[in-house]
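Asker:
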Amino acid sequence: MDMINAFHIAGSGMKAQSDRLRVISQNIANADSVANTADGTPYRRKVLSFKNVLDREIGADLVKVKKYGFDKSDFRMKYEPGHPAANEEGYVKYPNVNPILEMVDMREAQRGYEANLNVIEVSKTMLQQTIGLLR
Amino acid sequence: MTLGETKLFSLLKAKMTYHAERQPILAQNMANIDTPGYAPKDFKKPDFEKAVMLESSRLDMRATQPSHIKPRIANLSHFKTEEQDPVHEITPVENGVVLEEQMMKIAENKAQYDIATNIYKKNMDLFKIAIGKNS
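Going down the list, the sequences are from chains G and S. With this note's numbering applied, the first sequence covers 383 to 517. With this note's numbering applied, the second sequence covers 53 to 187.
1) Just checking: is the beta-carbon of residue 511 of chain G within a distance shorter than 8 Å of some beta-carbon in chain S?
2) Looking at the structure shown, is residue 515 of chain G part of a helix, part of a strand, or coil, going by DSSP?
3) What is the residue span of the beta strand (DSSP E) that residue 434 of chain G lies within?
4) In three-state DSSP terms, what is residue 461 of chain G?
5) Which residues of chain S have a Cβ atom closer than 8 Å to the Cβ of residue 515 of chain G, listed in chain order?
6) Taking Cβ positions only, does residue 156 of chain S come closer than 8 Å to chain G?
7) Indicate whether at least one CB of chain G lies closer than 8 Å to the CB of residue 164 of chain S.
8) Measuring only the C-alpha atoms, how far is residue 430 of chain G from residue 450 of chain G?
9) In three-state terms, what does DSSP make of residue 180 of chain S?
10) Counting only beta-carbon separations shorter than 8 Å, does residue 116 of chain S have a partner in chain G?
11) Would residue 126 of chain S pass as an interface residue toward chain G - the criterion being a Cβ-Cβ separation below 8 Å?
12) What are the residues of the region 384 to 395 of chain G that lie near chain S, defined by any Cβ-Cβ distance shorter than 9 Å?
13) With DSSP as the reference, label residue 443 of chain G as helix, strand or coil.
14) Output needed for residue 394 of chain G: all residues of its chain with C-beta closer than 6 Å, excluding positions within five of it in sequence on either side, in chain order.
15) With a cut-off of 8 Å, does the C-beta of residue 66 of chain S fall near any C-beta of chain G?
16) Taking residue 161 of chain S as the reference, which of G:504, G:496 and G:410 has the closest Cα?
17) Contact criterion: CB-CB distance below 8 Å. Does residue 144 of chain S meet it with respect to chain G?
18) When you compare the CB positions of residue 479 of chain G and residue 418 of chain G, do they come within less than 8 Å of one another, or not?
19) Could you spell out the range, first to last residue, of the beta strand (DSSP E) harbouring residue 150 of chain S?
20) So what's residue 172 of chain S in DSSP terms, helix, strand or just coil?
21) Could you work out which residue in G:396, G:497 and G:403 is closest to residue 485 of chain G when comparing CA atoms only?
22) Are the C-beta atoms of residue 92 of chain S and some chain G residue less than 8 Å apart?
23) Using a beta-carbon distance cut-off of less than 9 Å, what residues from the region 490 to 503 of chain G approach chain S?
24) To the nearest angstrom, report how far apart residue 516 of chain G and residue 167 of chain S are at their CA atoms.
25) Within its chain, find whatever has a CB closer than 6 Å to the CB of residue 434 of chain G; leave out the 5 residues flanking it on each side and keep chain order.
26) At a CB-CB cut-off below 8 Å, which residues of chain S make contact with residue 431 of chain G?
27) If you reduce the DSSP assignment to three classes, tell me which class residue 518 of chain G lands in.
28) Quick one: grab the DSSP three-state call for residue 450 of chain G.
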């Protein structure tokens with residue numbers, strides 16, 4: 383494997399982490415999106431998982447998103463009798479997004495992104511030094 | 053005997069190849085810090101003498117006509133990759149990559165590569181002095 387392939391591999395890692403960040407920001411933005419009517423459903427939290435894909439040209443495992451899914455946990459219920467989406471008992475279904483969990487997830491995505499960025503920096507320095515041998 | 057075939061430079065070349073090929077493996081580990089079911093990979097302990105002998109006896113296919121096919125061998129590596137047993141911890145999704153350990157390995161890899169590069173430079177400078185060239 384060439385050292386240049388390290389760039390491709392780290393690049394795929396960074397892309398996976400930024401996909402994860404996109405899903406997280408979607409969840410945070412929609413943390414309070416309720417339905418308009420009593421029988422509608424509010425926003426359901428999205429999740430994603432990663433998988434390895436062997437890239438034959440490089441000969442290494444790249445990271446890709448396996449699938450986007452939904453979090454199957456129950457919706458939060460809040461007592462708001464005057465809300466258009468309240469059911470018979472006066473409860474409104476709120477999305478099952480926990481902002482604290484999302485913040486922690488975001489930190490993890492950032493850490494993964496920075497780690498891969500660091501790999502690119504180190505590989506680049508090594509290559510530059512090798513080229514500097516010619517001088 | 054060409055300069056590249058002397059013992060010193062063959063060893064240096066083998067060492068630099070080892071570190072240059074180890075970098076993508078470590079980059080792959082880093083890219084997969086969040087992938088479920090991934091165990092970190094690394095090279096087995098290298099035998100540089102054997103690597104030097106393999107390096108000098110390898111035959112590359114030459115393409116002298118436009119219709120000659122050059123084989124695309126992505127994984128022609130003298131060093132064997134192995135999956136490591138996770139010594140420190142496995143997460144619930146069975147990912148065994150420890151960030152700090154991988155960062156340390158990358159830093160160590162780079163430092164060793166720097167050593168090899170500097171030794172090469174010094175020796176080339178010595179040769180240049182011997183042939184009377186002002187660097």
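Here a beta-carbon is modelled for each residue, glycine too, at the ideal position from N, C-alpha and C.
Answerer: Short version:
1) So, interface residue.
2) Coil, per DSSP.
3) Per DSSP, residue 434 of chain G belongs to the beta strand (DSSP E) from 428 to 437.
4) In this structure, residue 461 of chain G counts as strand in the three-state DSSP scheme.
5) In chain order: 169, 172, 173 and 176.
6) So no, residue 156 of chain S is outside the interface.
7) No, no contact with chain G.
8) Roughly 4 Å between the two C-alpha positions.
9) If DSSP states are grouped into helix, strand and coil, residue 180 of chain S belongs with the helices.
10) Not an interface residue.
11) Here the model assigns residue 126 of chain S a pLDDT of 42, short of 50, so the residue's position is not dependable and the matter cannot be decided.
12) In summary, the residues of the region 384 to 395 of chain G whose CB is separated from some CB of chain S by less than 9 Å are 384, 385, 386, 387, 388, 389, 390, 391, 392, 393, 394 and 395, in the order they occur in the chain.
13) If DSSP states are grouped into helix, strand and coil, residue 443 of chain G belongs with the strands.
14) Sequence-distant partners of residue 394 of chain G (beyond 5 residues in either direction) whose C-beta falls short of 6 Å from its own C-beta, in its chain, are 444 and 445.
15) No, its Cβ sits nowhere closer than 8 Å to a Cβ of chain G.
16) Of G:504, G:496 and G:410, the residue nearest in Cα terms is G:504.
17) Taking CB atoms only, residue 144 of chain S has no neighbour in chain G less than 8 Å away.
18) Judged by their CB atoms, residue 479 of chain G and residue 418 of chain G are not nearer to each other than the 8 Å cut-off.
19) Careful: residue 150 of chain S lies outside any beta strand (DSSP E) and carries neither H nor E.
20) Shown here, residue 172 of chain S sits in a helix according to DSSP, grouped into three states.
21) Among G:396, G:497 and G:403, the Cα nearest to that of residue 485 of chain G is on G:403.
22) Output row for residue 92 of chain S: interface = no.
23) Per Cβ criterion, the list reads 490, 491, 493, 494, 497, 498, 500, 501 and 502.
24) If you take the alpha carbons of residue 516 of chain G and residue 167 of chain S, they lie about 16 Å apart.
25) Its chain contains 443 as the residues whose beta carbon lies nearer than 6 Å to that of residue 434 of chain G, once the 5 sequence neighbours on both sides are disregarded; these appear in chain order.
26) Contact note: residue 431 of chain G reaches chain S through 88, using a C-beta cutoff of 8 Å and chain order.
27) Residue 518 of chain G is absent from the structure shown; chain G starts at 383 and stops at 517.
28) The answer is strand: DSSP assigns residue 450 of chain G an E or B state.
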